[in-house]
Amino acid sequence: MSESAGTALFPVSLNKAPKADRPVSVPISTRDRSAEAGSDYLATSATLVFTSEDWEQPRFFAVVILDDGVAEENERFQAVLSKPQNGRIADKTGVARIIDDDEPVAAVSINSTSVPGLQPLPFSPVPERPRVSGGVYTLLAVNDLGMHCLDLDGRIANILPPFQVMLAQVVRRGARPELNPAEVALYYSAASNPDDPILAAGGPRPGIAPDGSLFKTNFWQMIDRGAWASFYPPVLPVPLADLVNADQGLLVPNTELLYIGPDGIVDGVAGSADGELEVSQQLMPGSGDPLVTNQPQPVLERYGDKPFFINFPFGYVAADVDWHEAAGIPFSPFDDLGRQNPFPLVRVEARLGDSVLATSDAVLPVSSETSCSNCHGALADVPQRLSTAPLDALVDAGLPVADRQQDPLLGSVPTAVSIEYGADINILRLHDLKHGATYVDTGNAPAPCDILGAAPNGDLNCLARQAIEERSPVVCQNCHYTPALDLAQVGPVAGPAGSEANGRNQLAHESNSRVMHNHHGALDGLFPAIPPAVQNPLTGAIENQDARLAALEENCYQCHPGKDTQCLRGAMYNGGMLCSDCHGDLQQIGADFSAGVSSAALGAFQLGLGNFYDPDSPQPRVPWANEPGCGSCHTGDANDNLAGEADVMVNHVDSNGVSDGIRLRQAFRLDDPKATPIVPQNKLFAEPAVPASFNGFANPGAGNPQLYRVSTGHGGVMCEGCHGATHAEWPVAEPLANDNLLALQLQGHAGPIGECSACHDTAAMSARTLDGPHNMHLVDDPRFWREAHKDLAKRENGRPGGGLCGDCHGADHLGSVLSRTPVARSFSVEGQTRSVAAGEPVACNLCHSLGKSFER
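One point on numbering: in this note's numbering, the residue at position 109 of the sequence shown is 112, and numbering is uninterrupted.
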């Protein structure tokens, strides 16, 4: 096996049945040859047992292979049987050959296909499309969430499919740039970063199975077994499995056409009824010839306006988003050589006919770290389990605990996949044990599961039986609704197969977010709460950040990507803010609109009880729809903000130690049990409020903040286009991170897109403009700092707080965290060079006296 395979498996079999009262047992242990325990593999020993009931099944002796990242000769070690009881040894020695694969691993990390089972060696990366820059077009491309997740193994249970979303806009530069010229089309292909930090990790390749094959995802095999079919109404011309093949994503409806239609008016308003169902399907660049081709794939959707659950009290139409959208690209976190790289890159092309006008490299992050194995994996698979309680409950009930040895594909998939296979079986058996007596069918008729009466997998109503014996994978959201997978935005539904609900059973169950967060949050001490930040009263430094990070590892990152894949990694993380500072604790997150829904309270989702963004309202949150925004902490400018209020947590210093006192570091008020996101009156740095109406349609969520991911700002540019995706706002701390690559390409440095020249012909603009994003002036333009700013300052000095200048530079003109420069700059003023360091606030006395700056 290859050095990066992770595990060597030695099969041991018995050639005839033992007597019922005389099981055969045999010790087995490793022995060095050219490979050495501790540096090349882990010394391991075990005792294998064969009974009269299961003797025909081989036993597997698993040994962990250590990937040292050093190019070396191939090496061997042995597994040796000794002193059997009730049997004799025919062949006592097995040999494992470790094939060194460190040399090719350092070459390139590129992700062109998600097809599993291929042989990646000898490795030759797919050809990349050339970069194009220097023209008059700028291309902004970004992932919508900062991290998408998928199941490492879907044969038993599924939560998330491979489903990546990319948003993009094209800018034709000029004094007044043109956004998304109609004739320009967009395409994406796989790309790599020669400075990708993953290359420094050496040779680990967890995507390589012990048999040497490349694993990406088994999503399409699960599609063939019927997984995800219920999420589509029975209007498809053929089964979903015939439409979603290898390297093809799920079908995604265009909600603008569905709810608004070509006339631009929401259906039902003024007699409009031209909505239509149209779906798109995005492909991987290697589709059709994986590991060989890198075919640019078209970005299929172009949204003008974006409906967001418009038939619900929190809904609205996000008007004039004007972006290209590729939704459902089925990325896996394993690159084409089997390395785990959660930050794959695509090269996005703007084309006019056959001519490529511009390219940008965007990261489409994806992780399979959303595993339940930390608690539900067998002790043999996960020795450092967080809790033994889930499996103890199975043992106490007389039910078996599954481990990787039960995986029929053991050895042909990575060991981690087999471990998740076993953990998922344990989860379904536990679910059947605890909740099976109250199961109902899609018509709310009792359909109890008796797992004990037909152990180990129960009767036909049991989830374990369906997944293991009927080979029908369980999709959790089939019963537990989540807006994230409600692509057509219809809300919770229930009904038999063939109905509009097509087998979903969501009206009798609480949401997926609630059952996950609320249940686990109620387990005393198991997931310790992340403590609020304690800031030093003198320096502002967070004194308990180490304790907070440790709690993060034991809380959110037990389930969400974080231990290996850092989901939260952007500007907020750089500033010391963690998940709970925005979202609250597990039970606050779990206190959502589905609380109390059951078969006895069918469809009793709590909606229309008021405005969730009012802390005093009884309306609970709706996951995916009610989230904190930029304005929850960026509550205003240097002179008008909420930092002076008594019940907020003010940020004292930024990540560079610059005094703050303007921004908050917790998105909700200190005494708010609901962790309601703060909504400021001053919208200078906040998402836009939902307008009262859209083309005659009354927005139900009018006045509430739009979500960051569907918001636009300066010139119609999407907020994420300049600031990066949520959870990964630019800059990411690692300078060479793939996340930072697009900003580096567009403006020469990491961080938000703040250089006017990225989209504008600044020479053709007025030097006195204050029409930039967030009322910005021209950046790094000598016309501005030499002369134009004088007239502006004199005009604004007569206004409260220094007017627009004071908004960022402060009423005292000494600068603030809002006037920091992202990179070091030098100014030549009156024959002298003035310099400011990266991250330093620009103050008026940088170039002249403060007194002069107050002239009117």
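Ideal Cβ placement from N, Cα and C applies to all residues, glycine included. As the structure is a prediction and not an experimental result, all values here were calculated from the model.
When Ala736, Asp308, Leu124, Asp227 are compared against methionine 575, the one with the closest alpha-carbon: Selection Ala736, Asp308, Leu124, Asp227 evaluated against methionine 575 yields Ala736 as nearest (Cα-Cα).
Of the listed residues Ala82, Ala93, Phe615, Asn146, nearest to valine 713 (C-alpha basis): When only C-alpha atoms are compared, the closest one is Asn146.
Limits of the unbroken beta strand (DSSP E) element including phenylalanine 53: Membership of phenylalanine 53 in the beta strand (DSSP E) is indicated by the continuous run 48–53.
Identity of the residues DSSP links to proline 207 by a beta bridge: Proline 207 is not bridged to any residue.
Residue from Asn702, Gly593, Tyr424, Glu78 whose Cα sits closest to the Cα of valine 625: Ranking Asn702, Gly593, Tyr424, Glu78 by Cα distance to valine 625 puts Gly593 first.
Identity of the residues DSSP links to valine 255 by a beta bridge: Per DSSP, Ser283.
Euclidean distance between Cα positions of tryptophan 627 and phenylalanine 312: If you draw a straight line from the Cα of tryptophan 627 to the Cα of phenylalanine 312, it comes to about 11 Å.
Contacts around glutamate 557, its chain only, beta-carbon distance under 6 Å, and the 5 residues preceding and following it disregarded: Taken in chain order, the residues that qualify are Pro531.
Inter-residue spacing [alpha-carbon to alpha-carbon] between serine 216 and serine 37: Going by C-alpha positions, serine 216 is about 24 Å away from serine 37.
Candidates Ala40, Met580, Asn257, Ala276, of which the one nearest glutamine 284 by Cα: Measuring from the Cα of glutamine 284, the nearest candidate turns out to be Asn257.
Length of the line joining the Cα atoms of glutamate 423 and leucine 710: Those two C-alpha atoms are separated by around 34 Å.
Own chain partners of tyrosine 319 with C-beta closer than 6 Å, once the 5 adjacent residues on each side are dropped: Cβ within range, chain order: Phe311, Val693, Asn702, Gly704.
Glutamine 538 classed as buried or exposed, judged by whether at least 16 other C-beta atoms fall within 10 angstroms: Classification for glutamine 538: buried.
Inter-residue spacing [alpha-carbon to alpha-carbon] between glycine 611 and valine 600: Spanning the two alpha carbons is a distance of roughly 16 Å.
Which residues DSSP lists as bridging threonine 362, in chain order: Looking at the DSSP output, threonine 362 bridges to Glu352.
Runs of beta strand (DSSP E) lying entirely within the stretch 759–845, each at least 3 residues, in chain order: 828–832, 835–839, all fully within the stretch 759–845.
Beta-carbon proximity list for valine 135, same chain, < 8 Å, skipping 5 on both sides: Excluding positions up to five away in sequence, the list reads Glu352, Val359, Leu360, Ala361, Thr362.
Same chain, Cβ closer than 8 Å to alanine 396, neighbours up to 5 away in sequence not counted: The residues are Leu433, Leu436, Lys437.
Backbone CA spacing between histidine 151 and glutamate 630 [nearest angstrom]: Taking the straight line joining both Cα atoms gives about 17 Å.
6 Å CB neighbourhood of glycine 809 in its chain, flanking five on each side removed: For glycine 809, where only same-chain residues beyond five positions count, the Cβ hits under 6 Å are Asn642.
Complete runs of the alpha helix (DSSP H) confined to the stretch 573–633 [at least 4 residues]: With a minimum length of 4 residues, the continuous alpha helix (DSSP H) runs that stay inside the stretch 573–633 are 574–577, 582–586, 589–593.
Strand pairing of proline 30, partner residues [DSSP]: Proline 30 is bridged to Thr50.
Own chain partners of histidine 812 with C-beta closer than 6 Å, once the 5 adjacent residues on each side are dropped: Cβ neighbours of histidine 812 beyond the five flanking positions: Gly818, Ser822.
Among Asp399, Leu155, Leu510, nearest to proline 345 - alpha-carbon criterion: Nearest option by C-alpha distance: Leu155.
Whole runs of the beta strand (DSSP E) within the stretch 223–257, excluding any shorter than 3 residues: Counting whole runs of 3 or more residues, the stretch 223–257 contains no beta strand (DSSP E) stretch at all.
Proline 691 to lysine 677 span [Cα, whole Å]: Pairing proline 691 with lysine 677, the inter-Cα distance amounts to about 23 Å.
Same chain, Cβ closer than 7 Å to valine 443, neighbours up to 5 away in sequence not counted: Cβ within range, chain order: Pro449, Ala450, Ala511, Ser602.
Burial state of isoleucine 92 (16 or more Cβ within 10 Å): Exposure of isoleucine 92 is indicated by the presence of fewer than 16 other C-beta atoms within 10 angstroms of its C-beta.
Sequence-distant residues of its chain with Cβ nearer than 8 Å to tryptophan 788 (five each side left out): Cβ within range, chain order: Phe830, Val832, Cys850.
Residues sharing a beta bridge with asparagine 146, DSSP: According to DSSP, which records beta bridges pairwise, asparagine 146 is partnered with Met169.
Reduced DSSP category for histidine 752 - H, G, I as helix; E, B as strand; rest coil: If DSSP states are grouped into helix, strand and coil, histidine 752 belongs with coil.
Span separating the alpha-carbon of alanine 109 from that of alanine 203: Residue confidence for alanine 109 is low, a pLDDT of 48 falling below 50, so the modelled location carries little weight; the figure read from the coordinates is stated next. Their Cα atoms are separated by approximately 8 Å.
Spatial distance of histidine 522 from glutamine 590 (CA atoms): Taking the straight line from one Cα to the other gives about 8 Å.
Cross-strand partners of alanine 188 (DSSP beta bridge): According to DSSP, alanine 188 bridges with Arg354.
The beta strand (DSSP E) enclosing proline 82, as first and last residue numbers: Note on residue identity: the sequence assigns alanine, not proline, to residue 82. Per DSSP, alanine 82 belongs to the beta strand (DSSP E) from 78–84.
For serine 635, three-class secondary structure by DSSP: Helix, per DSSP.
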